[in-house]
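The structure appears right after this line, and notes come after that.
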Amino acid sequence: MTDQTAPQYLTTSRGRRLAYRKTGGTGPTIVFLGGFKSDMLGTKAVDLEAFAKDQGRAYLRFDYSGHGESDGDFLDGCIGDWAEDAEAALDRLTDGPLVLVGSSMGGWISLLMTRRLPERIAGLVTIAAAPDFTEDSMWAGFDQAQRTALDMVEQVSLPSDYGEPYIITKKLIEDGRNHLMLRDRIDLPFPTRFLIGTKDEAVDLSVAYRLLDRAEGGDIRLTLVKGKDHRFSDPECMELIKQAILEVSGS
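Count the sequence shown with UniProt numbering and you get residues 1 to 251, in order.
Have a look at this one:
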């Protein structure tokens, strides 16, 4: 699906100008939280807006600072900044209960939101959630030369399956350590669905198992989809995401 609508903008208390698109409807509001260096014009974000409209549900998608149509330089950002962006968007652009749908890094951000705004979360769906990836995937996978480069020039380049190489900054790695989720119990006292493909090349299945092990709540399920990759956006996967949203919404 394509999106021809113009975004609106929110300026946060930190002075960051965030692009967003919001549609009205009943609650709980569905909020899509995108991944690392992705944006709200992707297949999942746009398709879920159409789904929300069909369901008569309120929906919000937005770009973190340095992503998509939001202001800022991607290289200046870090997990803490993007979590602040998400919290500002939820606080100022939505009312009442929320169903968070977090994709990849957005899964990490959405988990952070369950700690910061626990009284507002009615349900959670994650898609190839990547909590702690800066530490457990990036830093743990760096060789000595990369770690030295990060220390000396404060950035290192990593290949990407999605186009240009990723430039990983020292700030991103160090800040990520302040927001780790998989070292402690994660209280999720609302319906929760974790989705991931068995052919995910970006998030190892062990991450999903660790997340399930740390998560505590009365209605938590992990679904592995055989043969699907990190994009998780073909028609079959989109139907699974939509069904998960309906389940955690009590629909």
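C-beta atoms are modelled at their ideal positions from N, C-alpha and C, and glycine is treated no differently.
Same chain, Cβ closer than 6 Å to residue i, neighbours up to 5 away in sequence not counted
i	result
T223	L195
residue 291	With the chain represented from 1 up to 251, any question about residue 291 goes unanswered, as that position is not in the structure.
F232	I127, A128 and G197
L212	L222
M1	With a pLDDT of only 49 at M1, under the threshold of 50, the placement of this residue in the model should not be trusted; the figure read from the coordinates follows. Correct list, in chain order: V46 and D47.
K171	C78
E164	none
K242	F51
Residue burial classification, residue i (beta-carbon count within 10 angstroms, cutoff 16)
i	result
P235	exposed
L158	exposed
K37	buried
D85	buried
P191	buried
S160	exposed
A244	buried
Y9	exposed
R183	exposed
D132	buried
T5	exposed
G102	buried
P7	buried
V248	buried
R115	exposed
Beta-carbon spacing of residue i, residue j below 7 Å
i	j	result
D39	M238	no
L100	L124	yes
A88	T11	no
R61	A45	yes
Neighbourhood of residue i by C-beta distance below 8 Å, restricted to the same chain and skipping five residues each side
i	result
Y59	K22, T23, G25, T29, I30, V31, F32, L48, E49, A52 and K53
L75	G66, Q155, I167 and T169
A130	G35, F36, S104, M105, G107, W108, S137, A202, V203 and V207
Y209	L222
L93	L10, Y20, K22, L60 and F62
Cross-strand partners of residue i (DSSP beta bridge)
i	result
K22	L60
Q8	Y20
D187	E216
Y166	L158
G102	L33 and T126
G197	V225
I121	L98
Close Cβ partners of residue i (< 7 Å) along its chain, the five nearest in sequence each way excluded
i	result
R185	R214 and E216
G68	A19, D39, M40 and L41
R14	E84
K199	G227, K228 and D229
D175	C78, I79 and G80
P97	G27, P28, R120 and A122
D73	G66
R16	S65, D71, G72 and D85
D219	P191 and T192
*Would you call the segment 178-186 and the segment 144-153 touching, i.e. three or more CB-CB distances under 8 Å?*
no
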